[in-house]
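Counting from 90, one number per residue, gives the positions in the sequence shown under my numbering. For glycine and all other residues, C-beta sits at the position ideal for the given N, C-alpha and C. Structure first, commentary second.
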Amino acid sequence: MKKIIGFIVINCWVINPGFIMAQLSTSPWQFKTAGIPFSLQKKNAFFKEQHADLNSEISQRSKHSFNTDFTKEETDPRTITSTIIGNTYFDLQTNASICNSFFRDNNATLNAVWNFAPADDPTYLLRGTGYNSSDGTNWEAIPTHRIEITENGWPSVTRSSAGQVLILTHNLIYGQLQLSRLLNPLTNLWSENLNILPTSAIGGVWWPRMVSGNTGSTTLHVISLTLPQSRGGELYNSQDGALLYSRSVDDGTTWDISNQTINDIGPGEYFRIRPDNYAIDANGSSVAIVTGGFGNDLLLLKSTDNGSTWSSHIIMKFPISHFNDELTDVNGDGIADTLDSNDGSLSVLIDNSGSVHVWAGYVRIFNSDVTDHTISYIPTSNGILYYDESMGDNSPRTIAGALDLNGNGILDVTDFGTFNSGLASQPNASIDADGNLYLAYAAVVENDPDATGKDVRHTYLTSSRDGGLTWSYPSDVVFPSNNEGIFCSMARRIDHTIQFTYQRDECAGLSTTYGFPDNCNTGKENKIIYSEIPAEQILGIDDAVNNSLINLYPNPSKGIIHFDSPALIGQQASVTVSDLQGRSLFNFDKVLLKNNAFNFPKLNNGIYLLNIRTEQLNLAEKITIVK
Numbered sequence: 090m091k092k093i094i095g096f097i098v099i100n101c102w103v104i105n106p107g108f109i110m111a112q113l114s115t116s117p118w119q120f121k122t123a124g125i126p127f128s129l130q131k132k133n134a135f136f137k138e139q140h141a142d143l144n145s146e147i148s149q150r151s152k153h154s155f156n157t158d159f160t161k162e163e164t165d166p167r168t169i170t171s172t173i174i175g176n177t178y179f180d181l182q183t184n185a186s187i188c189n190s191f192f193r194d195n196n197a198t199l200n201a202v203w204n205f206a207p208a209d210d211p212t213y214l215l216r217g218t219g220y221n222s223s224d225g226t227n228w229e230a231i232p233t234h235r236i237e238i239t240e241n242g243w244p245s246v247t248r249s250s251a252g253q254v255l256i257l258t259h260n261l262i263y264g265q266l267q268l269s270r271l272l273n274p275l276t277n278l279w280s281e282n283l284n285i286l287p288t289s290a291i292g293g294v295w296w297p298r299m300v301s302g303n304t305g306s307t308t309l310h311v312i313s314l315t316l317p318q319s320r321g322g323e324l325y326n327s328q329d330g331a332l333l334y335s336r337s338v339d340d341g342t343t344w345d346i347s348n349q350t351i352n353d354i355g356p357g358e359y360f361r362i363r364p365d366n367y368a369i370d371a372n373g374s375s376v377a378i379v380t381g382g383f384g385n386d387l388l389l390l391k392s393t394d395n396g397s398t399w400s401s402h403i404i405m406k407f408p409i410s411h412f413n414d415e416l417t418d419v420n421g422d423g424i425a426d427t428l429d430s431n432d433g434s435l436s437v438l439i440d441n442s443g444s445v446h447v448w449a450g451y452v453r454i455f456n457s458d459v460t461d462h463t464i465s466y467i468p469t470s471n472g473i474l475y476y477d478e479s480m481g482d483n484s485p486r487t488i489a490g491a492l493d494l495n496g497n498g499i500l501d502v503t504d505f506g507t508f509n510s511g512l513a514s515q516p517n518a519s520i521d522a523d524g525n526l527y528l529a530y531a532a533v534v535e536n537d538p539d540a541t542g543k544d545v546r547h548t549y550l551t552s553s554r555d556g557g558l559t560w561s562y563p564s565d566v567v568f569p570s571n572n573e574g575i576f577c578s579m580a581r582r583i584d585h586t587i588q589f590t591y592q593r594d595e596c597a598g599l600s601t602t603y604g605f606p607d608n609c610n611t612g613k614e615n616k617i618i619y620s621e622i623p624a625e626q627i628l629g630i631d632d633a634v635n636n637s638l639i640n641l642y643p644n645p646s647k648g649i650i651h652f653d654s655p656a657l658i659g660q661q662a663s664v665t666v667s668d669l670q671g672r673s674l675f676n677f678d679k680v681l682l683k684n685n686a687f688n689f690p691k692l693n694n695g696i697y698l699l700n701i702r703t704e705q706l707n708l709a710e711k712i713t714i715v716k
């Protein structure tokens, strides 16, 4: 069992000397390296425990609880049950945002899809959709063949109003979208339709996403991208990669909206949208699309009439409008500035009240050479950004990221796989009937190298019980150590159990990255893992119950908070006040609990989080300051 560390610092990143800076081409698969500015090499990091290394497919995970003795080991277990449901030798499941590759219906039936190649063949001629399903208890046998006749990729899965499994892909032979229907689950017989959404775009449309309005809905919503010039396509209405929207209201039989460019994401706003730099969600008649990427705004599109009309909101504006490989000089001194951006790995979710929530990977970029068609980015940028509609024009907050597991104040990573992102990316969100939010993301794990010395990435889960206002500490759900677990796709609707799939192998990075910087992956098999964990173990229900042990008053307060807890009198505690972005503002160590009063004269009006940590408990309570 490894040790707990101390506290968490949000909205920052760390860079160890010797790191490289990658460059992103206008083709999203091309990279080269350059030096990193020394001024960016001294930053703070995230802090969190690391769990025990366990090698079985059923692991006992240590439940997080803070302690003022940062060397004490914790033994309160949480259980993750995992099953290998597939494999692949093609290890790229997305270029950025997670595909809609895992679906759970109201009857608890599970459907999982992934980019599949059955053998070590660099041509990937047998590539297609890997598919498996479960009745809620047992999974079918691991598939050995794709479901399609010809090469396909980027599957999204849902069910029709009658419960038929539907899978949307792009067909690599014809450059068109293909809709496959499961005709007979017993014989695994599929129908294939290549003519659902014909397009005039040269090279066709690719990298699709498909969602349905709700279980039982006849409406399907699809977004896809025209082929960029760098991949053999041409400009589409003056845009090098245009995001197109389509809709069917009869389970995909006909399409009343076909390959439509939505206002505010056309050529007047963005020169290009890159592959997979978008996500979509639907809930009843509400539909939300989010787009972004290096040098593009983080933009939310929302429809409340089932995709007929749309409104837009820029969540995070990039300082240079219509960016297209210009010098990133925003202060006019002729020198490239390093600018905040999003990495194009996005997630969007419409909650039970119709409000939209958005997540994105954080990255810093700059462009000093306007002739090489590349954008430089800082791969050690660190953070998952979060926004919801209640925040209005406020900027997104950083709620999670890569974690400092040994508590020394920096992230001890010397090298890691190339993912066209910062240290934390690939967000994927879900929700339960009570409105609790859940987020999965992938992040580099410090001091957890593969056989070549590169630190691997793991999937983490975090949650919010208050609509996104505060978030739980991230929990690592990948085992064993020294394995990489990425591309997590959760069931959108949670019912007491968090269910998800991810891809796991023994090497950091990918075999499919341009230039093969992570050649440990070459020729290696990747496993597709299904895992589940009780939702209450991520929500921290025990901590919420423990809040009944304390009484804080007055609340709201003018700055003085009285603390009363007869059950905890005599215990020693650490008391911390943080803002809602997780930044520690006040810290009182080794407080002897009695009828205490805490004075916070410098707190401005607002909502804060008060944490009281003892040997046994981690209590959290929101306090409101009104002066």
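Query                                                                                                    : Result
Nearest-angstrom Cβ-Cβ length linking ILE285 and GLY341, presumed shorter than 8 Å                       : 7 Å
Inter-residue spacing [alpha-carbon to alpha-carbon] between ILE618 and GLN182                           : 13 Å
Proximity below 8 Å, CB of MET405 to CB of ASP386                                                        : yes
Closest by C-alpha distance to ILE236, when choosing among PHE205, ASP209, THR226, SER223                : PHE205
Beta-carbon proximity of LEU528 to ALA518, cut-off 8 Å                                                   : yes
Opening and closing residue of the alpha helix (DSSP H) in which LEU628 lies                             : 624-628
CA-to-CA distance, HIS234 to SER510, given in whole angstroms                                            : 32 Å
CB contact flag (GLN661, LYS679, <8 Å)                                                                   : yes
Assumed close pair CYS577, PHE568 - CB separation to whole angstroms, cut-off 8 Å                        : The Cβ separation is near 14 Å, so there is no contact.
contact_flag[the stretch 355-366, the stretch 302-311] where n(CB pairs < 8 Å) is 3 or more              : no
8 Å Cβ cutoff met for TRP448 and PRO516                                                                  : yes
Where CYS577 sits in the DSSP three-state scheme                                                         : strand
Within 8 Å, strictly: CB atoms of PRO645 and THR713                                                      : yes
CB of THR315 within 8 Å of CB of GLY330, strictly                                                        : yes
Cβ separation of THR239 and ASN260, assumed to be a contact under 8 Å, to the nearest whole Å            : 6 Å
Check whether PRO563 and LEU492 have beta carbons under 8 Å apart                                        : yes
Touching by the beta-carbon criterion (3+ pairs, under 8 Å), the stretch 431-443 and the stretch 500-507 : no
Bounding residues of the beta strand (DSSP E) (the contiguous stretch that carries PHE508)               : Where PHE508 is concerned, there is no enclosing beta strand (DSSP E), given that its DSSP letter is neither H nor E.
Local Cβ density within 10 Å of TYR642, reported as buried at 16 or more and exposed below that          : exposed
6 Å Cβ shell around LEU278 - same chain, five flanking residues per side excluded                        : LEU272
For TYR475, the nearest candidate out of LEU494, GLY481, ARG486 (CA to CA)                               : ARG486
Three-state secondary structure assigned by DSSP to GLU478                                               : helix
Distance CB(LEU657)-CB(LEU682) smaller than 8 Å                                                          : yes
Contacting residues, own chain, Cβ-Cβ under 6 Å from ASP521 (five flanking each side not counted)        : ILE583
Bridge-paired residues (DSSP) for ASP209                                                                 : Answer by DSSP bridge pairing: none, since ASP209 is not bridged.
Which of helix, strand or coil DSSP assigns to LEU657                                                    : helix
Check whether ASN615 and ASP180 have beta carbons under 8 Å apart                                        : yes
Whether PRO623 touches HIS651 by CB criterion (8 Å)                                                      : no
Close Cβ partners of SER250 (< 7 Å) along its chain, the five nearest in sequence each way excluded      : GLY305, SER306, THR307, ASP340
Under the three-state DSSP convention, the category SER306 falls into                                    : coil
Residue range of the unbroken beta strand (DSSP E) whose run includes VAL459                             : Here VAL459 belongs to no beta strand (DSSP E), and DSSP marks it neither H nor E.
Sequence-distant residues of its chain with Cβ nearer than 8 Å to PHE505 (five each side left out)       : PRO468, LEU512, VAL533, LYS543, ASP544, VAL545, ARG546, ALA597, GLY598
When PRO606, THR350, THR703 are compared against GLN328, the one with the closest alpha-carbon           : THR350
Between the CA atoms of ILE187 and SER552 - distance to the nearest angstrom                             : 18 Å
Sequence-distant residues of its chain with Cβ nearer than 6 Å to GLN783 (five each side left out)       : Absent from the model: residue 783. The displayed extent of the chain is 90 to 716, so no value can be given.
Sheet register partners of TRP344 (DSSP bridge)                                                          : Beta-bridge pairing links TRP344 to no other residue.
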